[in-house]
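*Asks:*
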Amino acid sequence: MRRTRLLVLALALVVSACASSNAFRRGERAEHRREYDRAVIEYAHALKLSPDNEEYRQALERARRRAAEAHAASARLFSTRGQHKEASDEIRLALDLVPDSPTYLEEMRLIEERRQAGIPPLTMQQVKERARERALPGLALGPEAREPLGLSFRNASLQEAYLALGKVAGVNFVFDPAFQDQSITVDLSDVPFEQALSALASAGRTFHRVTDARVITVVPDTAAKRREYEQQIVKTFFLSNADLKETIDLLRIVLGARRVAPLPGANALTINDAPDKVAAAERIIDVLDKERAEVLVQVEILEVNRTRLKEYGIEITSAVQGVEGVLGAIFPDPTKKFTLEDNPYSQENLVISQLPGVIYRLLKTDSATRVLANPQLRTTEGETAQARFGDQVPVPVTVFTPIAQGGVAQQPVTSFEYKSVGVNIDITPRVHHDSDVSLSLKLEVSSLGPLFQNNPTFRSRNVNSLLRLRDGETTILAGLIQEEERTSSVGLPGLGDVPILGKIFSRNRREAVETDIVMTLTPHVVRRASISEEDLRSFSLGGEASPLLFEVPGIPPIVPAPSKPAEPLRPEPIRPPAPSPTPSPAGP
175 MRRTRLLVLA
185 LALVVSACAS
195 SNAFRRGERA
205 EHRREYDRAV
215 IEYAHALKLS
225 PDNEEYRQAL
235 ERARRRAAEA
245 HAASARLFST
255 RGQHKEASDE
265 IRLALDLVPD
275 SPTYLEEMRL
285 IEERRQAGIP
295 PLTMQQVKER
305 ARERALPGLA
315 LGPEAREPLG
325 LSFRNASLQE
335 AYLALGKVAG
345 VNFVFDPAFQ
355 DQSITVDLSD
365 VPFEQALSAL
375 ASAGRTFHRV
385 TDARVITVVP
395 DTAAKRREYE
405 QQIVKTFFLS
415 NADLKETIDL
425 LRIVLGARRV
435 APLPGANALT
445 INDAPDKVAA
455 AERIIDVLDK
465 ERAEVLVQVE
475 ILEVNRTRLK
485 EYGIEITSAV
495 QGVEGVLGAI
505 FPDPTKKFTL
515 EDNPYSQENL
525 VISQLPGVIY
535 RLLKTDSATR
545 VLANPQLRTT
555 EGETAQARFG
565 DQVPVPVTVF
575 TPIAQGGVAQ
585 QPVTSFEYKS
595 VGVNIDITPR
605 VHHDSDVSLS
615 LKLEVSSLGP
625 LFQNNPTFRS
635 RNVNSLLRLR
645 DGETTILAGL
655 IQEEERTSSV
665 GLPGLGDVPI
675 LGKIFSRNRR
685 EAVETDIVMT
695 LTPHVVRRAS
705 ISEEDLRSFS
715 LGGEASPLLF
725 EVPGIPPIVP
735 APSKPAEPLR
745 PEPIRPPAPS
755 PTPSPAGP
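Its first residue numbered 175, the sequence shown is counted upward by one per residue in my numbering.
(1) Skipping 5 residues on each side, what residues in its chain have a beta carbon closer than 8 Å to that of methionine 693?
(2) Just confirm the distance between the C-beta atoms of leucine 424 and isoleucine 445, as a whole number of angstroms; I'd bet it's less than 8 Å.
(3) Does the beta-carbon distance from arginine 480 to glutamate 555 come in below 8 Å?
(4) For lysine 593, which residues does DSSP report across the bridge?
(5) With DSSP collapsed to three states, give me the class of serine 706.
(6) Does DSSP classify proline 753 as helix, strand or coil?
(7) What are the boundary residues of the alpha helix (DSSP H) that glutamate 421 is part of?
(8) Would you report the Cα separation of phenylalanine 563 and serine 621, rounded to the nearest angstrom?
(9) In the DSSP assignment, the beta strand (DSSP E) including leucine 551 goes from what residue to what residue?
(10) Pop quiz: valine 569 and lysine 593 are said to be a contact at Cβ under 8 Å. What is the actual Cβ separation, rounded to whole angstroms?
(11) Going straight from the alpha carbon of alanine 268 to that of alanine 241, what length do you get?
(12) Are the beta-carbon atoms belonging to serine 612 and arginine 642 less than 8 Å from one another?
(13) If you draw a straight line from the C-alpha of proline 586 to the C-alpha of phenylalanine 626, how long is it?
(14) Go ahead and label isoleucine 526 buried or exposed: buried means 16 or more other beta carbons lie within 10 angstroms of its beta carbon, across all protein chains shown.
(15) Going by DSSP, which residues form a beta bridge with isoleucine 650?
(16) When DSSP builds the beta bridges, which residues end up paired with isoleucine 603?
(17) Look at the alpha carbon of isoleucine 504 and the alpha carbon of aspartate 690, and state the distance between them as a whole number of angstroms.
(18) Taking all protein chains shown into account, do 16 or more other C-beta atoms lie within 10 angstroms of the C-beta of proline 273, making it buried, or fewer, making it exposed?
(19) Roughly how far, in whole angstroms, is the beta-carbon of glutamate 465 from the beta-carbon of arginine 701, given that I think they are within contact range, below 8 Å?
(20) Considering arginine 383, what are the terminal residues of the alpha helix (DSSP H) in which it resides?
(21) For a quick check, are the C-beta atoms of valine 392 and tyrosine 336 less than 8 Å apart?
(22) Would you mind stating whether alanine 249 and alanine 213 have Cβ atoms separated by less than 8 Å?
(23) Whole angstroms is fine: what's the gap from aspartate 350's alpha carbon to glutamine 333's?
(24) Skipping 5 residues on each side, what residues in its chain have a beta carbon closer than 6 Å to that of threonine 648?
(25) Measure the Cβ-Cβ separation of leucine 221 and arginine 207 and say whether it is below 8 Å.
(26) Kindly indicate which three-state DSSP category glutamate 286 falls into: helix, strand or coil?
(27) Flag this pair as yes or no: are the beta carbons of phenylalanine 411 and alanine 442 separated by less than 8 Å?
(28) Between the C-alpha atoms of leucine 325 and glutamine 369, what's the straight-line distance to the nearest angstrom?
(29) So phenylalanine 151 is in the alpha helix (DSSP H); what residue range does that whole segment cover?
(30) Rounded to a whole number of angstroms, what is the C-alpha to C-alpha distance between glutamine 354 and alanine 455?
(31) Pick out whichever of Leu615, Val573, Val571, His607 has its Cα sitting closest to the Cα of leucine 551.
(32) Quick one: Cα of glycine 728 to Cα of leucine 251, how far?
(33) Is lysine 259 buried or exposed, if buried means 16 or more other CB atoms sit within 10 Å of its CB?
(34) With 16 as the cutoff for other CB atoms within 10 Å, does aspartate 608 come out buried or exposed?
(35) For isoleucine 577, count neighbouring C-beta atoms within 10 Å of its own C-beta (all shown protein chains included) and say buried if the count is 16 or more, exposed if not.
(36) What residue from Asn346, Leu640, Ser363, Ala431 has the CA that sits closest to arginine 328's CA?
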């Protein structure tokens, strides 16, 4: 009896060891597939069966940390999208796996605060606006500096004018040792602080630099002082819609920016230049990096039998007396009165009417018409949409090469190039400001012809055209005619199939078949470029000797509509251009 119990116990231990090792292997496979939650379950099961196994315990702890980090990453992603409930659920799972993590506790607190406050996540436009270069970077200004000032100076000291402006805005002005005082007359009664500072600099031929959060240094505007106080800053711009190479070329040509480096992987560029150049570059990039227009082009290509069209009395033409499209001689002129001797269907009495819709539906329902392609191509403005329907046919290409180096080219080497046979369409749209759409069209309809010395030949019909259509307007292109001779045997049924004798009761009929390609194009503007009034305004960069110092006007930020009516914006006064620097008068 005792021996039986020992055997049962040993068998149970073996089964438990096998079960735990199987669970551990399943956990390893799940961890390898990055299914960390599943790995935690399998490792926990293995540890439960073998609680003294240290390897199982370490694997479980590792899987817990990895699963917690995966849930925390999902929580951060949901939080940036504004899905605070999903973010809270994910971070709670991370805390269940690693309860003693201070990082997850802090993230849980922040997510709960955002969830209770209902704060929407920042858009990319808002992030860019927060990081925009300001007119006076590093200077801490209160709200009173944005209010219109009430200062006016007549024959006043320039230094006293700066000090008075500083008292109003809560800013301290210090002066370069080379600064020389002079009398000025300027009215600053209805301008904010930044414009008043620029006006004093223009009137006194000085410029300024921010030294501290509350300190501004006033410097005489000379070339030597400009070089002495010149600063260099580095900034990275992440592009969303603009082309990286075109943007860099534009900055180098327009601004003369020399140190601009592309970052193709992130579709970004980094610029190192003076603050004024960087501020101007940011203004230009904001205008260029607009959402581009998108166009959906509906295309339908039919191959019709011209012989059947003539039976219908239809003539397809591209231009007849200024009329384009499908023309049909339908009825006599109703404005004329005919007698019994007149022929109402003579050429001079027929009215030619343009009926593209009716004729096109007739063509589509005809049994001799084939639909070659009917794609819908959506593409961005300026980008080419391509459609290829058909086969790739190998074409042999033979090149003669010399057998030995320097010898005569007499050894043939044959390779194969593949040619697309079928329907090939290339369309490049451009959206005009009046909602018209220009389409640059390339169409090729090709097919295999008869063999020539066991090599393939091709029949090809091509169209290269530039069309301008209204949004939703349909145009018809036709005229790609191809004539093909066909030979068929015609005879008495049954007797014509009898060998040898069948030739007596049958004959060969040769007929010429003309086919035409009819193509319809209908553009639809899906999205238009978002160009604002601010994008169309110009801004000044100053001169070579006296460039601007952060006076490039920025694009106004996109903010949500206020709950109460906003105050009307005051028009920005026009600042005169800064005069060229002249030598300061010598002191007494």
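Heads up, the beta-carbon is just placed ideally off N, CA and C, and yes, glycines get one too. It should be emphasised that the depicted structure is a prediction, and the values quoted were computed from it without experimental measurement.
*Replies:* So, from the data block:
(1) Val473, Glu474, Ile475, Leu476, Leu617, Val637, Ile650, Leu651, Ala652
(2) The beta-carbon distance between leucine 424 and isoleucine 445, rounded to whole angstroms, is 12 Å. This is too long to meet the 8 Å contact definition.
(3) no
(4) Val567
(5) coil
(6) Reliability of the predicted coordinates at proline 753 is poor, the pLDDT of 44 falling under 50, and the value obtained from them is presented with this limitation in mind. Coil at proline 753, not helix or strand.
(7) In the sequence on display, residue 421 carries threonine and not glutamate. That run of the alpha helix (DSSP H) goes 418 to 428.
(8) 11 Å
(9) 550 to 554
(10) 5 Å
(11) 7 Å
(12) If you check the CB distance, serine 612 and arginine 642 come in under 8 Å.
(13) 19 Å
(14) Legend: pLDDT at isoleucine 526 = 37, less than 50; position of this residue unreliable, value from coordinates given subsequently. It is exposed - the Cβ of isoleucine 526 has fewer than 16 other Cβ atoms within 10 Å.
(15) Thr694
(16) Note that residue 603 is proline in the sequence shown, not isoleucine. Bridge partners of proline 603: Leu613.
(17) Summary for isoleucine 504: the model assigns pLDDT 39, below 50, so the residue's position carries little reliability; its value from the coordinates is reported in the next sentence. If you take the alpha carbons of isoleucine 504 and aspartate 690, they lie about 21 Å apart.
(18) exposed
(19) 7 Å
(20) That residue, arginine 383, is in no alpha helix (DSSP H); its beta strand (DSSP E) goes 380 to 386.
(21) yes
(22) With contacts defined as CB atoms closer than 8 Å, alanine 249 and alanine 213 fail to qualify as a contacting pair.
(23) Roughly 11 Å separates the two Cα atoms.
(24) Thr694, Thr696
(25) no
(26) helix
(27) yes
(28) 12 Å
(29) For residue 151 there is no data in the structure shown, the boundaries of the chain being 175 and 762.
(30) 34 Å
(31) If we check each option's Cα against that of leucine 551, Leu615 comes out closest.
(32) Low confidence applies to glycine 728: its pLDDT is 46, below 50, so where it sits in the model is not reliable, and the reading given next is rough at best. Cα to Cα, glycine 728 sits roughly 31 Å from leucine 251.
(33) exposed
(34) With fewer than 16 other Cβ atoms from the protein chains shown falling within 10 Å of its own Cβ, aspartate 608 counts as exposed.
(35) exposed
(36) Minimum Cα distance to arginine 328 is reached at Ser363.
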